[in-house]
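Each residue of the sequence shown is one higher than the last, beginning at 0 in numbering that gives the first Met the number 0. Using N, Cα and C, we set each Cβ at its ideal position, and we do this for glycine too. Please read all numbers here as calculations on a predicted model, not as lab measurements. In what follows, a single structure is set out as structure tokens and then discussed.
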Amino acid sequence: MLSKQAVLDAMRNDIGQESEAGEWLVVTQQLIDDYVELTGETGWIHTDVERARQSSLGSTIAPGNMGIAILPKLSRAISPYSRYPRKYSLNQGWDRIRFLQPLRSDTRIRARSKLLAIAERPDGSLRVEVEFTIEVEGSDKPWLTGVKVGRFFFE
């Protein structure tokens, strides 16, 4: 494993650089149904295909929080959380989460990330801020944007 200093130096060089896009994922009705079953977020706009078809949206939509839940899958190959070795990391939360459009079922999405900031902490860890964006195929407007705040530990 690289030393903490080597990781810190590499991260400093990457601040502000947007990643390449990750792989596409189709958000199917089955994926939405599985998420709804797990979380209990059972609004008809997520689950009732026929009723949703009659709505102004024209189909069911994915729950917004589902975007946060599937971000690790979408961003595994492109995220600073994957690129930099450490002993372990902890999620401290999210800042500035925005859902910028409804995500209709059977839509393809993918993620991008950008390392925004790092700071050394008194306990030897690094505080890390990473902006994530979930893009929607065929749209200039993302589904979700937000800044994940976490800590990288080396000891």
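Under a 10 Å Cβ-count criterion, Tyr-83 is classified as buried, with 16 or more other Cβ atoms of the shown protein chains found around its own Cβ. Counting along the chain, the unbroken alpha helix (DSSP H) around Tyr-34 starts and ends at 28-38. Here Thr-59 is buried, its C-beta having at least 16 other C-beta atoms within 10 Å. Around the Cβ of Ala-110, a 10 Å sphere holds 16 or more other Cβ atoms; the residue is buried.
Non-local C-beta neighbours of Arg-103 in its own chain, meaning closer than 6 Å and more than five positions away in sequence, comprise Ser-58, Ile-60, ordered along the chain. Bounds of the alpha helix (DSSP H) holding Thr-46 are 43-46.
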